[in-house]
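I have placed the structure first, in the form of structure tokens, so that the comments after it can refer back to it.
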Amino acid sequence: MKLEQIETPAALIDVARMQKNIARMQAHMNTLGVAFRPHVKTTKCIDVVRAQLAAGARGITVSTLKEAEAFFAAGIGDILYAVSMVPSKLPRALALRRQGCDLKLVVDNPNAAAAIAAFGDQHGETFEVWIEVDTDGHRSGIQPEQDTLLEVGRILHENGVKVGGVMTHAGSSYELNTAEALAALAEQERAGCVRAAQRLREAGIACPVVSVGSTPTALAAQQLEGVTEVRAGVYVLFDLVMHNVGVCTLDDIALSVLATVIGHQEDKGWAILDAGWMALSRDRGTSRQSHDFGYGQPCLLNGTLLADYVVSGANQEHGILSAAQANVKANTTAGTSADDITQRFPIGMKLRILPNHACATGAQFPEYHAVAPDGSSAEWKRFYGW
Ligand SMILES: Cc1ncc(COP(=O)(O)O)c(C=O)c1O
Numbered sequence: 001m002k003l004e005q006i007e008t009p010a011a012l013i014d015v016a017r018m019q020k021n022i023a024r025m026q027a028h029m030n031t032l033g034v035a036f037r038p039h040v041k042t043t044k045c046i047d048v049v050r051a052q053l054a055a056g057a058r059g060i061t062v063s064t065l066k067e068a069e070a071f072f073a074a075g076i077g078d079i080l081y082a083v084s085m086v087p088s089k090l091p092r093a094l095a096l097r098r099q100g101c102d103l104k105l106v107v108d109n110p111n112a113a114a115a116i117a118a119f120g121d122q123h124g125e126t127f128e129v130w131i132e133v134d135t136d137g138h139r140s141g142i143q144p145e146q147d148t149l150l151e152v153g154r155i156l157h158e159n160g161v162k163v164g165g166v167m168t169h170a171g172s173s174y175e176l177n178t179a180e181a182l183a184a185l186a187e188q189e190r191a192g193c194v195r196a197a198q199r200l201r202e203a204g205i206a207c208p209v210v211s212v213g214s215t216p217t218a219l220a221a222q223q224l225e226g227v228t229e230v231r232a233g234v235y236v237l238f239d240l241v242m243h244n245v246g247v248c249t250l251d252d253i254a255l256s257v258l259a260t261v262i263g264h265q266e267d268k269g270w271a272i273l274d275a276g277w278m279a280l281s282r283d284r285g286t287s288r289q290s291h292d293f294g295y296g297q298p299c300l301l302n303g304t305l306l307a308d309y310v311v312s313g314a315n316q317e318h319g320i321l322s323a324a325q326a327n328v329k330a331n332t333t334a335g336t337s338a339d340d341i342t343q344r345f346p347i348g349m350k351l352r353i354l355p356n357h358a359c360a361t362g363a364q365f366p367e368y369h370a371v372a373p374d375g376s377s378a379e380w381k382r383f384y385g386w
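Residue numbers (UniProt numbering): 1 to 386.
Right, here's the structure in full:
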């Protein structure tokens, strides 16, 4: 199908850009001498993940058991479920392992560790668990020097659970925007996770894997001594938040929302689009960054940026396109005459909107339209739920 024929709103993946992003990350990992385990929550799409594996990725990271089940059914067996395990979800994890899935679990507290050990004992299953380490105070995990690290390690190790490794995610990297600060955080992430592994090993607990990563720290890392693998997710498509962090250009962003101009408010300088927050998502991640892109950056169908315009407002199924110098929060415009807006954006015109956050925008759609360089497109399914 050609772009012009696709019903709007629709999620488009520019396949050439996606392949370039995959190759860039994989080449960096190869140079640093570490394995790469992409986080597939960004796309939840087997076609994308096959491209990542074909480029050299080993195994995948998931954020839901639904992802684990769907990707295992599609033939991928090496899966890290990178969200702390709770006892109620253990039967699904057991079912996956019984089917032959090499599913690894994550914990960051003694209660969950004890529950996994007891459940494994009850069902005759040796689970593999990685301990989550907090290297930047961003979210969950145990700090490398905390006593709890060894406590959790011992509960697992002494009760028939395999301690497969340690893992960390320095998500505070999204708050940075200089190469120096990103490189420093990448080193902090590396050093903290390596230190946690060292403490476990010194306590007699084997800890073969040291797994780190977020897109900004993965790309900024200069050396990864002691690390065995890196995880990253959003790099595969990139987005406006990553552009503001400084790890991609606008031309690297592979996801866009195809939208149609459906009306105007000439006195306000607005063109109305059929892509509101239901299509673009509510994510306003760039509102806290140096460049606020509103609900997204408009481009022509061929990808040419319309840098003077922004999607400044969004209702459920309506987007408001206006001049970029406008105050996006107040939805007011400056300097766009009625003639400009109606002539520049006639009714029926199609645009591509680059998103703030690729994971959130992709999740609004049941499928992607994968657009080849010749403009033809194929449908790539993605899935939902937990
Ligand atoms: C545990 C974990 N690992 C890796 C990632 C990948 O991070 P990014 O999408 O910045 O590459 C995430 C993202 O939230 C995560 O939660």
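Backbone N, C-alpha and C define an ideal beta-carbon position, used for all residues, glycine too.
Local conformation of residue i per DSSP, three classes
| i | result |
| --- | --- |
| F36 | strand |
| V15 | helix |
| E7 | coil |
| R369 | It is His, not Arg, that sits at residue 369 in the sequence shown. Residue state, collapsed to three classes: strand. |
| W270 | strand |
| residue 408 | Here the chain has residues from 1 to 386 only, and residue 408 is not among them. |
| H251 | Sequence inspection shows Asp at residue 251; the His mentioned does not correspond to that position. The answer is helix: DSSP assigns D251 an H, G or I state. |
| L96 | helix |
| L156 | helix |
| K89 | helix |
| K20 | helix |
| T333 | The predicted position of T333 is uncertain, since its pLDDT is 46 and thus under 50; a value taken from the coordinates is nonetheless stated next. In the structure shown, T333 sits in coil (DSSP, three-state: anything other than H, G, I, E or B). |
| E229 | strand |
| L305 | strand |
Per DSSP, the bridge partner or partners of residue i
| i | result |
| --- | --- |
| Y81 | V62 |
| I262 | Answer is none; I262 lacks a bridge partner. |
| G165 | W130 and V209 |
| T313 | Note on residue identity: the sequence assigns Gly, not Thr, to residue 313. The partner list for G313 (beta bridge, DSSP) reads I320. |
| D136 | None, per the DSSP bridge assignment. |
| L351 | A259 |
| I142 | V133 |
| residue 474 | This structure gives no information on residue 474, because the portion of the chain shown stretches from 1 to 386. |
| V245 | Beta-bridge pairing links V245 to no other residue. |
| D102 | D78 |
| K2 | S376 |
Cα-Cα separation, residue i to residue j
| i | j | result |
| --- | --- | --- |
| L255 | R282 | 16 Å |
| Q5 | K44 | 25 Å |
| V236 | A95 | 30 Å |
| Q289 | T249 | 15 Å |
| A11 | N21 | 18 Å |
| A73 | C101 | 9 Å |
| L185 | E175 | 11 Å |
| L258 | R352 | 5 Å |
| A55 | E266 | 49 Å |
| G303 | A82 | 35 Å |
| N111 | E151 | 11 Å |
| R195 | Q146 | 11 Å |
| W380 | I155 | 43 Å |
| A170 | G375 | 37 Å |
| Q364 | G285 | 16 Å |
| T260 | H39 | 32 Å |
| P373 | L300 | 15 Å |
| R139 | H123 | 32 Å |
| A220 | I262 | 42 Å |
| N159 | A117 | 6 Å |
| H264 | D14 | 29 Å |
| P91 | M18 | 36 Å |
CB-CB length for residue i against residue j, believed under 8 Å
| i | j | result |
| --- | --- | --- |
| Q188 | T148 | No, Q188 and T148 are not in contact; Cβ-Cβ is about 20 Å, not under 8 Å. |
| V133 | T168 | 4 Å |
| G120 | V161 | 6 Å |
| H291 | N244 | 6 Å |
| S88 | D108 | Between D108 and S88 the Cβ distance is about 17 Å, and since that is not below 8 Å, they are no contact. |
| A93 | L105 | 6 Å |
| V212 | V230 | 6 Å |
| G8 | D274 | It is worth fixing the name first, because residue 8 is Thr in this sequence and not Gly. So it is a contact: roughly 6 Å between Cβ atoms. |
| G77 | P144 | G77 to P144, Cβ: 30 Å. No contact. |
- Query: Are three or more beta carbon pairs between the segment 191 to 210 and the segment 318 to 325 nearer than 8 Å?
  - Reply: no
- Pairing CB atoms from the segment 273 to 281 with CB atoms from the segment 204 to 212, are three or more of them under 8 Å? no
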